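Number of protein chains: 2
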Amino acid sequence: MRPLVIGSVAYDSVETPFGHATDLLGGSATYFSLASALFSPARIVAVVGHDFRSTDTQLFQSRGIDVSGLEQLPGKTFRWGGKYHTNMNIRDTLFTELNVFAEFVPKLSDEHRNAKFVFLANIAPKLQLEVLQQVTAPRFVACDTMNFWINGPQRQDLITLLAKVDCLIINDEEAELLTGVPGVVRAANLILKAGPSIVIIKRGEHGALVFSENDVFYVPAYPLESVIDPTGAGDTFAGGIMGYLAGIGDVSPRTLRQATVVGSLLASFCVEDFGIGALLRVDAEAIAARYRRMAEIVQFEPLPL
Amino acid sequence: MRPLVIGSVAYDSVETPFGHATDLLGGSATYFSLASALFSPARIVAVVGHDFRSTDTQLFQSRGIDVSGLEQLPGKTFRWGGKYHTNMNIRDTLFTELNVFAEFVPKLSDEHRNAKFVFLANIAPKLQLEVLQQVTAPRFVACDTMNFWINGPQRQDLITLLAKVDCLIINDEEAELLTGVPGVVRAANLILKAGPSIVIIKRGEHGALVFSENDVFYVPAYPLESVIDPTGAGDTFAGGIMGYLAGIGDVSPRTLRQATVVGSLLASFCVEDFGIGALLRVDAEAIAARYRRMAEIVQFEPLPL
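Chains as they are written, first to last, in this note's numbering: chain A, 35 to 339; chain B, 35 to 339.
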């Protein structure tokens, strides 16, 4: 099966201690679908402007990604600019030009309505809800969100959404903000009571935690000598998870653990170059090698009796 | 075998969002030896004042800990006061009264000179060096340090010490500060070139990483609903590691991984109550239960071919 992703396709300008780059193909749906495509090519629902490069559309198509839901409107493509500090965990947003994204009203085609695996990337909760209502019989729905929606006037829409999704994928600070409690374990357990049966907490360089009613899974971040550009790591992580699940067509705890490791490893590749550069070079062999290495990294023997 | 620990024995006053407590038995050698005693009771080399409670000496003895190196001097015992914020990772030191600790000149007895497993807790690098020179033929020496020594006039002593130890146990920020490079992977690899064959990076609620020339091991922190008092977690971690290694009498990579998991779990117990309270209630069964749970938490299946 192929996952459906609703999110942004953007041009990013990024400054890091290692250099800078402008008008990089980016956005949540871009990172998600390029990661997912390594297991199952996604169907993108997003909007771009008249200035969207045809070579970028072709790039998606070359990866088997369905761009029939990539609407092109008069006006400019969403642009975002950010600057990372020496500590890559700290990022300043330099500018956000919504452009055509401000008018984004996602309408699903008949084919897209039949999607079984759906990822609602970080957009307004109201839009996430509207999209979800158009999907006929989804099997596994995951969503992302951010501080802006958690603390803003659309908070109630977000709470309504949470009761309708299977999985929330957010970072640790957002989980604490959403619930108002310190500590990811308490926060995740509270979120589980609000709807989703699975909560995946992203902790950047510290890895990720997967919480469900009777299970906790932890995967560390793959140890890297250097990080070049963290942009898109979170959406790459989600794309790896959803692409793996949809590709296998299974959401058992066992498959979800494998999917989370895969997502984490794809994020480790993603941050090793600017934009989508490193993600385009990843292949099945590279993923398998880091997967085996990760199994070694966390392995320990039982205690002697 | 029994580990030798050189460090502090103190009375701590602690404020956390959950309450406060004064004159708690604390200090690096205290936490270390109570953790170690669960596998192999340590020999303490430390100094206390005339006000040191005989019940505290008896507590050490009841755990089989050798207090023949616990020197009692006229004057008061080292006292430390700290306050934790709602985010328990942030701590203010309210006061530090060195008292008799200011005159601490550790002299090892003949029996202590024969120690094979030695932990040099966070004291002046000059003192750590002087102690180490008194040990006849150590088999495995680990040390801790802190920002104060890394950035201070004793930095050169610390560099000299690093060339003489087998293992450095420090937190991530200290590793970056010591080497001047961002990122724990690069920092740890630089430290390995400076002497120790093993570098263990403590990351608090994010777990711990063990680096050696050809190996990386990661153990997450045991997921806890709530943390009551983080004081002593780092020394408890070190005490669990050294006690386990000395008890088994082996420092193979396999045993070191088990030891690191044990140390991490003991730290998870430690932070669940004020001071040494929770540590005193831990038994082999409780450790074994969390150990098995941790193995489940990090477990994932290979990728299908």
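Glycine included, every Cβ here is placed at the ideal spot set by N, Cα and C. This structure is a prediction, so every number in the text was calculated from the model and none was measured.
Quiz item: Hey, is the stretch 253-273 of chain A in contact with the stretch 301-319 of chain A, meaning 3+ C-beta pairs nearer than 8 Å?
Solution: yes
Quiz item: At which residue ranges does the stretch 159-206 of chain A contain complete alpha helix (DSSP H) runs of 4 or more residues, listed in the order of the chain?
Solution: 159-168, 181-185, 189-196
Quiz prompt | Three CB pairs or more closer than 8 Å across the stretch 152-160 of chain B and the stretch 182-199 of chain B | solution = yes
Quiz item: Under the DSSP definition of a beta bridge, which residues are partnered with A/K236?
Solution: A/N205, A/A242
Quiz item: Using the C-alpha atoms, what's the distance from A/S286 back to B/I124?
Solution: 39 Å
Quiz item: Using a C-beta cutoff of 7 Å, does B/F151 count as contacting chain A?
Solution: no
Quiz item: Residues in the stretch 298-328 of chain A with C-beta within 7 Å of chain B's C-beta atoms, listed in sequence order?
Solution: A322, Y325
Quiz prompt | Selection from B/M328, B/P336, B/R327 that minimises the alpha carbon distance to A/E330 | solution = B/P336
Quiz item: On the three-state DSSP scale, how would you describe A/F308?
Solution: coil
Exercise. Can you tell me the Cβ-Cβ gap for A/F182 and A/D200, rounded? I've got them flagged as a contact below 8 Å.
Key: Actually they are not in contact, since the Cβ atoms of A/F182 and A/D200 sit about 23 Å apart, beyond 8 Å.
Practice problem: Flag this pair as yes or no: are the beta carbons of A/M328 and A/F151 separated by less than 7 Å? | Solution: no
Exercise. Within its chain, find whatever has a CB closer than 6 Å to the CB of A/V165; leave out the 5 residues flanking it on each side and keep chain order.
Key: I40, P140
Quiz item: Nearest CA to the CA of A/T91: which residue from A/K117, A/F73, A/G229, A/T64?
Solution: A/T64
Exercise. Count the CB pairs spanning the stretch 102-110 of chain A and the stretch 75-85 of chain A that are closer than 8 Å, and state whether there are at least three.
Key: yes
Exercise. Verify whether the separation of the beta carbon atoms of B/G103 and B/H54 is less than 7 Å.
Key: no
Practice problem: Indicate whether B/G116 and B/L132 have their beta-carbon atoms separated by less than 7 Å. | Solution: no
Self-check item: Any alpha helix (DSSP H) of 4 or more consecutive residues that is wholly inside the stretch 272-304 of chain A
Solution: 287-304
Self-check item: Within chain E, the residues that A/I225 reaches when beta carbons sit closer than 7 Å
Solution: Chain labels in this structure do not include chain E; the protein chains are A and B.
Quiz item: Would the beta-carbon of A/V324 fall within 7 Å of that of A/Y256?
Solution: A quick correction: the sequence has Arg, not Val, at residue 324 of chain A. The answer is yes: Cβ separation under 7 Å.
Quiz item: My guess is that B/T236 and B/I203 are in contact by the Cβ rule of under 8 Å, so how many angstroms apart are they, rounded?
Solution: Just to set this straight, residue 236 of chain B is Lys in the shown sequence, not Thr. Going by Cβ atoms, the distance from B/K236 to B/I203 rounds to 7 Å, so yes, they are a contact pair.
Quiz item: So is B/H119 buried or exposed if we call it buried at 16+ other beta carbons inside 10 Å?
Solution: exposed
Self-check item: Three-state class that DSSP yields for A/A63 in the structure shown
Solution: helix
Quiz item: Name the chain B residues that come within less than 7 Å of A/T265, Cβ to Cβ?
Solution: Chain B residues near A/T265: none, gap ~17 Å exceeds 7 Å.
Practice problem: Using a Cβ cut-off of 7 Å (strictly closer), state whether A/L279 contacts chain B. | Solution: no
Practice problem: Would you give the residue range spanned by the beta strand (DSSP E) that B/Q333 belongs to? | Solution: It is not in any beta strand (DSSP E) - B/Q333 carries neither H nor E in the DSSP assignment.
Quiz item: If we call anything under 7 Å between Cβ atoms a contact, is A/R77 one with A/D100?
Solution: yes
Quiz item: Is it the case that the Cβ atoms of B/D178 and B/A155 are separated by a distance below 7 Å?
Solution: yes
Practice problem: Could you confirm whether any beta carbon from chain A is found closer than 7 Å to the beta carbon of B/H240? | Solution: yes
Quiz item: Using the beta-carbon count (16 or more within 10 Å), is B/L205 buried or exposed?
Solution: Sequence check: residue 205 of chain B is Asn here, not Leu. So B/N205 counts as buried.
Practice problem: Tell whether a beta-carbon distance below 7 Å holds between A/V218 and B/V332. | Solution: no
Quiz item: From the DSSP output, which residues share a beta bridge with A/V79?
Solution: A/I40, A/G103
Quiz item: Looking only at DSSP bridge pairs, what is A/T50 linked to?
Solution: A/G53
Self-check item: Proximity of A/A272 and A/F73 at Cβ, strictly below 7 Å
Solution: no
Practice problem: My understanding is that B/F334 touches A/V295, with C-beta atoms under 8 Å, so please give their C-beta distance in whole angstroms. | Solution: 5 Å
Quiz item: By Cβ distance, which residues of its chain are closer than 7 Å to A/N148, with the 5 residues on each side in sequence left out?
Solution: T170
Quiz prompt | Spatially closest choice to A/K227 from A/E247, A/H240, A/P216, A/A71, by CA coordinates | solution = A/E247
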